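Quick notes on the structure that follows.
There are 2 protein chains.
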Amino acid sequence: MSTTRTVPTLDDVARKAGVSTATVSRCLNSPERVVERTRSRVLRAVEELGYTPNFGARVMAAKRTFTIGAIIPTMENAIFARGLQAFQEELHARGYTLLVSSTSYKPEIEAEQVRALVARGADGLLLIGYARNPDIYDYLGQRAIPALLAWAFLPGAEPACIGFDNRRSMQALANKVISMGHRDIAVISGIVEGNDRAEDRRQGIIDALLENGLDPAKMRIIETPYGIENGAMAFDQLMEEETRPTVVMCGNDVLAAGAMRRARELGMSIPDDISITGFDDIELARILTPTLTTVHVPHREMGRRAAAELVRMVEQQSDGLSEQLESSLILRESLKDLN
Amino acid sequence: MSTTRTVPTLDDVARKAGVSTATVSRCLNSPERVVERTRSRVLRAVEELGYTPNFGARVMAAKRTFTIGAIIPTMENAIFARGLQAFQEELHARGYTLLVSSTSYKPEIEAEQVRALVARGADGLLLIGYARNPDIYDYLGQRAIPALLAWAFLPGAEPACIGFDNRRSMQALANKVISMGHRDIAVISGIVEGNDRAEDRRQGIIDALLENGLDPAKMRIIETPYGIENGAMAFDQLMEEETRPTVVMCGNDVLAAGAMRRARELGMSIPDDISITGFDDIELARILTPTLTTVHVPHREMGRRAAAELVRMVEQQSDGLSEQLESSLILRESLKDLN
DNA sequence: GAATCAAATGTAAGCGCTTACAATAGAGGC
DNA sequence: GCCTCTATTGTAAGCGCTTACATTTGATTC
Numbered sequence: 551m552s553t554t555r556t557v558p559t560l561d562d563v564a565r566k567a568g569v570s571t572a573t574v575s576r577c578l579n580s581p582e583r584v585v586e587r588t589r590s591r592v593l594r595a596v597e598e599l600g601y602t603p604n605f606g607a608r609v610m611a612a613k614r615t616f617t618i619g620a621i622i623p624t625m626e627n628a629i630f631a632r633g634l635q636a637f638q639e640e641l642h643a644r645g646y647t648l649l650v651s652s653t654s655y656k657p658e659i660e661a662e663q664v665r666a667l668v669a670r671g672a673d674g675l676l677l678i679g680y681a682r683n684p685d686i687y688d689y690l691g692q693r694a695i696p697a698l699l700a701w702a703f704l705p706g707a708e709p710a711c712i713g714f715d716n717r718r719s720m721q722a723l724a725n726k727v728i729s730m731g732h733r734d735i736a737v738i739s740g741i742v743e744g745n746d747r748a749e750d751r752r753q754g755i756i757d758a759l760l761e762n763g764l765d766p767a768k769m770r771i772i773e774t775p776y777g778i779e780n781g782a783m784a785f786d787q788l789m790e791e792e793t794r795p796t797v798v799m800c801g802n803d804v805l806a807a808g809a810m811r812r813a814r815e816l817g818m819s820i821p822d823d824i825s826i827t828g829f830d831d832i833e834l835a836r837i838l839t840p841t842l843t844t845v846h847v848p849h850r851e852m853g854r855r856a857a858a859e860l861v862r863m864v865e866q867q868s869d870g871l872s873e874q875l876e877s878s879l880i881l882r883e884s885l886k887d888l889n
Numbered sequence: 551m552s553t554t555r556t557v558p559t560l561d562d563v564a565r566k567a568g569v570s571t572a573t574v575s576r577c578l579n580s581p582e583r584v585v586e587r588t589r590s591r592v593l594r595a596v597e598e599l600g601y602t603p604n605f606g607a608r609v610m611a612a613k614r615t616f617t618i619g620a621i622i623p624t625m626e627n628a629i630f631a632r633g634l635q636a637f638q639e640e641l642h643a644r645g646y647t648l649l650v651s652s653t654s655y656k657p658e659i660e661a662e663q664v665r666a667l668v669a670r671g672a673d674g675l676l677l678i679g680y681a682r683n684p685d686i687y688d689y690l691g692q693r694a695i696p697a698l699l700a701w702a703f704l705p706g707a708e709p710a711c712i713g714f715d716n717r718r719s720m721q722a723l724a725n726k727v728i729s730m731g732h733r734d735i736a737v738i739s740g741i742v743e744g745n746d747r748a749e750d751r752r753q754g755i756i757d758a759l760l761e762n763g764l765d766p767a768k769m770r771i772i773e774t775p776y777g778i779e780n781g782a783m784a785f786d787q788l789m790e791e792e793t794r795p796t797v798v799m800c801g802n803d804v805l806a807a808g809a810m811r812r813a814r815e816l817g818m819s820i821p822d823d824i825s826i827t828g829f830d831d832i833e834l835a836r837i838l839t840p841t842l843t844t845v846h847v848p849h850r851e852m853g854r855r856a857a858a859e860l861v862r863m864v865e866q867q868s869d870g871l872s873e874q875l876e877s878s879l880i881l882r883e884s885l886k887d888l889n
């Protein structure tokens, strides 16, 4: 363990390998421009010295940080954790590093987070959903920092987005529910304010109702923050009503898990006494008893593609190409066919 | 909105305010060293020009990025997602930003990730557990980059660590299991190679066995990667044995969830036919049917404290102070008292 | 073997900021 | 009014890297 006092620089490597600093730099950044013999000599010197490029100097000279920022509501939500993990892996494979910030579902602090990440040198930004203050886009546009939206899909949206159509996906599930004979539908929705995903999912249910000649006004909707406990409390509220629904459609699997737990605590049997559906298809859905009917969303695929596209944008090989991914209905035990 | 073509620099501000660049810099970084009259003139110029300091230049000159890196196995594991979320929140509150990288449980690629984060200018690093190639510490030491270990606790360890004692925690659970009359204990462990947490938990069970005069050699141990499906398959293997255990102790809640699912699929009733325990106490544990007996670990608290300590280390207010957090037994339905 | 040309390498000019040190201004003492 | 001392501001030297441009090397052709 010969702990050298000073950190080696490009100059040290160049001297050791007997070449110029330019050649060392090229070995590291565009190795194909250096002949094999020289390159291996330089790389050996790099190895022996334990050289790592100085970040600041590199950024200053190259005007790039090879860093991409992501602002999500929270990593504690499995759908974001999963997508972000795939996003990070793909980024890493392409030589980029992930800078993470979170809003805790408070859209009003997103602008500050954007500035913070930009101030830390993010070359590009991943944002969730499309509902936000347009000033943010102005700010990014002025600084020519590419942004990409994920977890939502809106045709022709600007900036580009990679995701799925929350509204149609939920509509498809609701149609299925209705086709199974359910007429009294109650909804446990996530907070809609500043969250286009929650809003779209709710609208999808209404779309299905209208499509089937049912009256959305009669549908009971409870809006509650993310969390198992909140799902349970919302279920309680629904059960206080005069007429009980035959099915409770939840805005996500976690709320559904809470609702299921409370149903069980109230001595109700699922799906015989009441059906419950979720959205997202996180691992939980297959483990719950009974297993949960939900909408599968390709979170990992989304994260991976978002990373690939954002890197292309940062490297100016793309102006931002939107991409729609397919979600799919997953029918499991928690939804009963009344026919 | 007059989108200036070129981004203004310190020089532009200095010229506009009729002062030197040094004065502008001082206005921004140590305003008390500039007389009020001058300062307000400079700040006005900053405002009018919409000046934002250049990240790279600032980093190069100041040798600080206000960025902290974390390398975890994967964000898809809820325990890391939760701890990391708290870590990020605390970091943000202290003016730092989080850089994330992951190993996918492949300890051999950790060294590369460390270099990548250092190359991106991380001022400090959060690492999981203490088992790793010591070269990594040499490398960080040479660059004077503080590191802190989390999710494990080893008294007197270097670098400092913030976490809990996996071995004693599991030992406590195993003692409880034994005190409830269980003698045939089987274990579904995570991969031990390069993972001190998994190793320690396994050892904790052995400790308890010895403490109670039982023979560890008779205990069946299946080692499997993280994942519900793997937990299910491991359970299958255990059930193929001649003598069935009365309890299956799992290295974490996710493996336990897989085991429980398979038990149900095999028509076994938990805990009457077999007891199952987990470790971590993620949300899942309270939702499973039956609810899961496990060990609660204060992940959020750990993340928060790790962030606070790491910032202190980066700011040279601490040399790294280890801190042990308490875990606790959570007795739920999945463990049967045979007495 | 000279001429030509492409490939490989070297030279050196910044990139925009911080800060040690130098210069200047202003206040106070005599 | 002159000197001293301190508070304020200015000067300019890097920080370590990338890259445009210049130079050298070496293969190919005639």
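If you read the sequences in order, they're chains R and D.
For the first sequence, the working numbering gives the first residue as 551, with consecutive numbering after it.
For the second sequence, the working numbering gives the first residue as 551, with consecutive numbering after it.
Just so you know, even glycine gets a beta-carbon here, dropped at the ideal spot from N, CA and C.
Just so we're clear, the structure is a prediction, and the values are computed from it rather than from any experiment.
Legend entry - residue 686 (chain R) at chain D interface by Cβ criterion, 7 Å: No - not a single Cβ of chain D is within 7 Å of the one on residue 686 (chain R).
Legend entry - Proximal chain D residues relative to residue 626 (chain R), where beta-carbon distance stays under 7 Å: Ordered by position in chain D, the residues that pass the 7 Å Cβ test against residue 626 (chain R) are 631, 632, 635.
Inset, instruction - Could you say which of D:644, D:650, D:645, D:617 lies nearest to residue 633 (chain D) if we only look at CA atoms? - result: Residue 633 (chain D) has its Cα closest to that of D:650, out of D:644, D:650, D:645, D:617.
Legend entry - Cutoff 6 Å; reference residue 890 (chain R); Cβ partners in own chain excluding five residues on either side: Residue numbering for chain R in the displayed model covers 551 to 889; residue 890 (chain R) lies beyond these limits and cannot be assessed.
Inset, instruction - Pull up the DSSP beta-bridge partners for residue 700 (chain D), would you. - result: Listed as beta-bridge partners of residue 700 (chain D) by DSSP are D:678, D:712.
Inset, instruction - Pull up the distance between the alpha-carbon of residue 625 (chain D) and that of residue 631 (chain D), whole angstroms please. - result: Cα-Cα distance, rounded: 5 Å.
Legend entry - 7 Å Cβ cutoff, residue 781 (chain R) in contact with chain D: Output row for residue 781 (chain R): interface = no.
Legend entry - Environment of residue 830 (chain R) [buried if 16+ CB atoms lie within 10 Å]: Label assigned to residue 830 (chain R): buried.
Inset, instruction - Keeping to the same chain, check which residues put their C-beta closer than 7 Å to that of residue 786 (chain D); ignore five residues upstream and five downstream. - result: The answer, listed in chain order, is 812.
Inset, instruction - From the DSSP output, in three-state form, read off residue 606 (chain R) for me. - result: In the structure shown, the three-state DSSP call for residue 606 (chain R) is helix.
Legend entry - Buried versus exposed, by CB contacts within 10 Å (16 or more), residue 627 (chain R): With a threshold of 16 other beta carbon atoms within 10 Å, residue 627 (chain R) meets it and is buried.
Inset, instruction - Could you check if residue 613 (chain R) is buried or exposed, using at least 16 other CB atoms within 10 Å of its CB as the buried criterion? - result: By the neighbour-count rule (16 or more Cβ atoms within 10 Å), residue 613 (chain R) is not buried but exposed.
Inset, instruction - Would you decide whether residue 856 (chain R) is buried or exposed? Buried here means 16 or more other CB atoms lie within 10 Å of its CB. - result: Burial call: buried.
Inset, instruction - Please check if any C-beta of chain D sits within less than 7 Å of the C-beta of residue 811 (chain R). - result: Using a Cβ-Cβ cut-off of 7 Å, residue 811 (chain R) counts as an interface residue toward chain D, since at least one Cβ of chain D sits closer than that to its own.
Inset, instruction - Quick one: list the residues of chain D neighbouring residue 638 (chain R), beta-carbon separation under 8 Å, in chain order. - result: Against chain D, a Cβ distance below 8 Å from residue 638 (chain R) picks out 625, 650, 651, 652.
Inset, instruction - Quick one: grab the DSSP three-state call for residue 635 (chain D). - result: Helix at residue 635 (chain D).
Legend entry - Close beta carbons around residue 680 (chain R), own chain, < 7 Å, minus the five adjacent residues each side: A distance below 7 Å between beta-carbons, with the five flanking residues on each side excluded, links residue 680 (chain R) to the following residues of its chain, in chain order: 699, 702, 704, 707, 711, 746.
Legend entry - Burial state of residue 666 (chain D) (16 or more Cβ within 10 Å): Residue 666 (chain D) is buried by the Cβ-count criterion.
Inset, instruction - Pick out the complete beta strand (DSSP E) segments inside the region 742-827 of chain D, 3 residues or longer, and give them in chain order. - result: Listed in chain order, the complete beta strand (DSSP E) runs (minimum 3 residues) inside the region 742-827 of chain D are 770-773, 797-800, 825-827.
Inset, instruction - Indicate whether at least one CB of chain D lies closer than 7 Å to the CB of residue 740 (chain R). - result: So no, residue 740 (chain R) is outside the interface.
Inset, instruction - Thinking residue 843 (chain R) and residue 814 (chain R) are a contact (beta carbons under 8 Å), I'd like their distance in whole angstroms, please. - result: The Cβ separation is near 16 Å, so there is no contact.
Legend entry - Closest Cα partner of residue 876 (chain D) within the set D:693, D:688, D:714: Nearest of D:693, D:688, D:714 to residue 876 (chain D), Cα basis: D:714.
Legend entry - alpha helix (DSSP H) segment containing residue 669 (chain D), residue limits: Per DSSP, residue 669 (chain D) is one residue of the alpha helix (DSSP H) stretching across 660-669.
Legend entry - Minimum Cβ-Cβ distance from residue 668 (chain D) to chain R less than 7 Å: Chain R has a Cβ within less than 7 Å of the Cβ of residue 668 (chain D).
Inset, instruction - Run the CB neighbour count on residue 739 (chain D), radius 10 Å, all protein chains shown included, and call it buried at 16 or more, exposed below. - result: Buried.
Legend entry - Exposed unless 16 or more other CB atoms sit within 10 angstroms - verdict on residue 694 (chain R): Exposed is the call here.
Inset, instruction - Report the residues of the region 557-575 of chain R with a CB closer than 8 Å to any CB of chain D, ordered along the chain. - result: Those residues of the region 557-575 of chain R placed with their C-beta closer than 8 Å to a C-beta in chain D are 557, ordered along the chain.
Inset, instruction - Assess, as a yes-or-no matter, whether the region 587-594 of chain D is touched by the region 594-605 of chain R under the definition of 3 or more beta carbon pairs within less than 8 Å. - result: No, because fewer than three Cβ pairs between the region 594-605 of chain R and the region 587-594 of chain D fall closer than 8 Å, the two stretches do not touch.
Legend entry - Meets three-Cβ-pair contact criterion under 8 Å: the region 853-867 of chain D and the region 817-830 of chain D: Under the Cβ criterion (8 Å, minimum of three pairs), the region 853-867 of chain D does not count as touching the region 817-830 of chain D.
Legend entry - Cβ contact check for the region 802-809 of chain R and the region 764-771 of chain R: 3 or more pairs under 8 Å: The region 802-809 of chain R makes no contact with the region 764-771 of chain R; the number of CB pairs closer than 8 Å stays below 3.
Legend entry - Segment limits, beta strand (DSSP E) that includes residue 736 (chain D): Residue 736 (chain D): member of the beta strand (DSSP E) spanning 735-739, first to last residue.
Inset, instruction - Give a yes or no on whether the minimum CB-CB distance between residue 949 (chain D) and chain R is below 7 Å. - result: The structure shown does not extend to residue 949 (chain D), since chain D spans only 551 to 889, so no value can be given for it.
Inset, instruction - Kindly indicate if chain R contains any beta-carbon less than 7 Å away from that of residue 714 (chain D). - result: So no, residue 714 (chain D) is outside the interface.
Legend entry - Beta-carbon proximity list for residue 638 (chain D), same chain, < 7 Å, skipping 5 on both sides: Counting only Cβ-Cβ distances below 7 Å, and skipping sequence neighbours, we find 648.
Inset, instruction - Determine which residues of the region 824-840 of chain R have a Cβ less than 7 Å from any Cβ of chain D, and write them out in chain order. - result: Answer in chain order: 833, 834, 837, 838, 839.
Legend entry - Cα-Cα separation between residue 743 (chain R) and residue 776 (chain R), rounded to whole angstroms: Looking at the two C-alpha atoms, the distance is approximately 13 Å.
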